[in-house]
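S.K.:
In structure tokens, the structure reads:
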């Protein structure tokens, strides 16, 4: 089978937008930094992996370029973003010790042909899907029906022993499920995310209510506008339990709002600081971005990546939207989800370069959310949301006793 199992119930919350999406924001705001000697130095930071050969030829077709002299111009692009959960080296200090390598974050970043919009489509890690056999550098993995989606990355790593194999298996699975041709793959990690926040000088964000998460490095944040340093931002992106802002649910899915707010805040911070006109700060930020990424060779050179970023430098933040594959709770597997028929509508829109906001409009969207399931994980929708996040005022604190809903618009 080449499609996820389906079940007719209301859609569920969007999954967590993690480090890969934050790295993508860095790419979108990179602008024209790859010039002259700066380009040469930054290009050498990016680690590249050969994935296309491992994925073979049985793939969705690639559209012909309208201008052979510029293969990317005038064509939509689909880039797979993966958040690596490797806990080696510096990542262990940030995320905790853990054996093995996994990716519980997967997003498809769709860039429209006219570069007027960017859509981040998140695939729930706990989706029950059919994972196809994957070619790796050391053999072929067996197919895995009704497996957790994020196990594709782990299976590729277990057989091939490298990031290229893991990424190739994840990408093969995505193409098999969606029919969307991927133009490249980007893998990011925790340490890279922290470096990017440091390069930005912190992230301005509005926290809707006091947050406390002892297990996330003792994270404690007041309600209201504030600037998070790199450590706080990383802790917030990792926090799973505690009090405030959905932490009481102690669920991966409860991190949705926090991750989306953090991503939007990072994009807004980068845009507000006008990095493109501040070459020293821009160079530091893009250097942090490039050092944190592993990129498939089919995305081309750093100069080509910079050209893509340049084509997006004037994009309206409201044109960067976030959505999730519509899912429902699995009736047979606790804590697992299954894609609904609306997933077909979503991926058809991506293939046709139609805005997902149009494809998943209320009059065609799935039924309203079902009642909260026994697991106490909050229901939600697969409808897109924009990246707009209220700008925080650095150094401010919320009025005594004022509720978060009143503090953050």
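Numbering (mature numbering (1 follows the signal peptide of the UniProt record, and there is no 0)), first residue to last: -34 to -1, 1 to 375. Heads up, the beta-carbon is just placed ideally off N, CA and C, and yes, glycines get one too.
On the criterion of 16 or more Cβ atoms from any shown chain inside 10 Å, does residue 184 qualify as buried, or is it exposed?
M.R.: That one is exposed.
S.K.: Contact defined as beta carbons within less than 8 Å: I believe residue 42 pairs with residue 78. What is the distance between those atoms, to the nearest angstrom?
M.R.: Right, their Cβ atoms sit about 6 Å apart.
S.K.: With a CB to CB cut of under 7 Å and the five nearest residues on each side skipped, what residues in its chain are close to residue 98?
M.R.: Only 109, 138, 139 and 142 meet the Cβ criterion.
S.K.: Under the DSSP definition of a beta bridge, which residues are partnered with residue 105?
M.R.: Beta-bridge pairing links residue 105 to 102.
S.K.: Based on Cα-Cα distance, which residue from 131, 114, 196 and 171 lies nearest to residue 305?
M.R.: When only C-alpha atoms are compared, the closest one is 114.
S.K.: Just grab the DSSP bridge partners of residue 187 for me.
M.R.: According to DSSP, residue 187 bridges with 177.
S.K.: Considering residue 211, what are the terminal residues of the beta strand (DSSP E) in which it resides?
M.R.: It is not in any beta strand (DSSP E) - residue 211 carries neither H nor E in the DSSP assignment.
S.K.: Whose C-alpha, out of 69, 120 and 38, is nearest the C-alpha of residue 276?
M.R.: The candidate whose alpha carbon is nearest that of residue 276 is 38.
S.K.: Look at the Cβ atom of residue 287, then the Cβ atom of residue 84, and state whether they are nearer than 9 Å.
M.R.: Yes, Cβ-Cβ distance for residue 287 and residue 84 is below 9 Å.
S.K.: Residues bridged to residue 154 by DSSP?
M.R.: DSSP, once it has assigned bridges, lists 49 and 259 as partnering residue 154.
S.K.: I'd like to check one pair, residue 75 with residue 44: are the Cβ atoms closer than 9 Å?
M.R.: Taking 9 Å as the Cβ cut-off, residue 44 and residue 75 qualify as a contacting pair.
S.K.: Relative to the C-alpha of residue 190, which residue among 208, 182, 171 and 206 is closest?
M.R.: Of 208, 182, 171 and 206, the residue nearest in Cα terms is 171.
S.K.: Helix, strand or coil: which one does DSSP assign to residue 121?
M.R.: Residue state, collapsed to three classes: helix.
S.K.: Residue 48 to residue 303, Cα distance in whole Å?
M.R.: One C-alpha to the other measures close to 20 Å.
S.K.: Taking the alpha-carbon of residue 67 as reference, which of 80, 50 and 73 has the nearest alpha-carbon?
M.R.: Selected option, being the one with the closest Cα: 50.
S.K.: Name the two residues that bound the continuous beta strand (DSSP E) containing residue 14.
M.R.: Its beta strand (DSSP E) spans residues 13 to 15.
S.K.: Could you tell me the boundaries of the alpha helix (DSSP H) in which residue 312 lies?
M.R.: Unbroken alpha helix (DSSP H) run through residue 312: 308 to 317.
S.K.: With a Cβ-Cβ cutoff of 9 Å, do residue 197 and residue 178 count as a contact?
M.R.: No. Outside cutoff.
S.K.: From residue 244 to residue 310, what does the alpha carbon distance come to, in whole angstroms?
M.R.: Their Cα atoms are separated by approximately 43 Å.
S.K.: Measure from the alpha carbon of residue 23 to the alpha carbon of each residue in 147, 107, 94 and 73, then state which is nearest.
M.R.: It is 147 whose Cα lies nearest to the Cα of residue 23.
S.K.: Please report how far the alpha carbon of residue 319 lies from the alpha carbon of residue 186, in whole angstroms.
M.R.: Cα to Cα, the separation comes out at about 42 Å.
S.K.: Start and end of the alpha helix (DSSP H) containing residue 387?
M.R.: Residue 387 falls outside the range modelled here, since the chain spans only -34 to 375, and no answer is possible.
S.K.: Which whole-angstrom value is the C-beta distance of residue 124 and residue 101, which I expect to be below 8 Å?
M.R.: With 8 Å as the limit, residue 124 and residue 101 do not qualify as a contact, their Cβ atoms being about 14 Å apart.
S.K.: Please name the residue or residues paired with residue 172 in a DSSP beta bridge.
M.R.: Answer by DSSP bridge pairing, in chain order: 191.
S.K.: List the DSSP bridge partners of residue 116.
M.R.: The partner list for residue 116 (beta bridge, DSSP) is empty, contrary to what the question assumes.
S.K.: Cβ atoms of residue 80 and residue 103: under 9 Å apart, would you say?
M.R.: Cβ distance not < 9 Å, so residue 103 and residue 80 don't count as in contact.
S.K.: DSSP state of residue 248, grouped into three classes?
M.R.: Three-state DSSP puts residue 248 in a helix.
S.K.: Determine the closest residue to residue 301 out of 280, 220 and 226, with distance taken between C-alpha atoms.
M.R.: Comparing Cα-Cα distances from residue 301 to each of 280, 220 and 226, the minimum goes to 220.
S.K.: Tell me the rounded alpha-carbon separation between residue 126 and residue 239.
M.R.: Roughly 42 Å separates the two Cα atoms.
S.K.: Comparing C-alpha positions only, which one of 235, 16, 260 and 264 sits nearest to residue 251?
M.R.: The option with the nearest alpha carbon to residue 251 is 235.
S.K.: Just the C-alpha distance for residue 262 and residue 69, rounded to the nearest angstrom, thanks.
M.R.: Rounded to whole angstroms, residue 262 to residue 69 spans 16 Å at the Cα level.
S.K.: Is residue 283 helix, strand or coil when you go by DSSP?
M.R.: Helix at residue 283.
S.K.: Rounded to whole angstroms, what's the CA-CA distance from residue 95 to residue 25? Just pull it up for me.
M.R.: Approximately 18 Å, taken between the alpha carbons.
S.K.: Going by Cα to Cα distance, which pick from 91, 150 and 173 is closest to residue 226?
M.R.: Answer by Cα proximity: 173.
S.K.: Is residue 282 buried or exposed, if buried means 16 or more other CB atoms sit within 10 Å of its CB?
M.R.: Exposed, by the Cβ-count rule.
S.K.: Is it buried or exposed, residue 161, if we count other Cβ atoms within 10 angstroms and call 16 or more buried?
M.R.: Classification of residue 161: buried, given that the 10 Å Cβ count is 16 or more.
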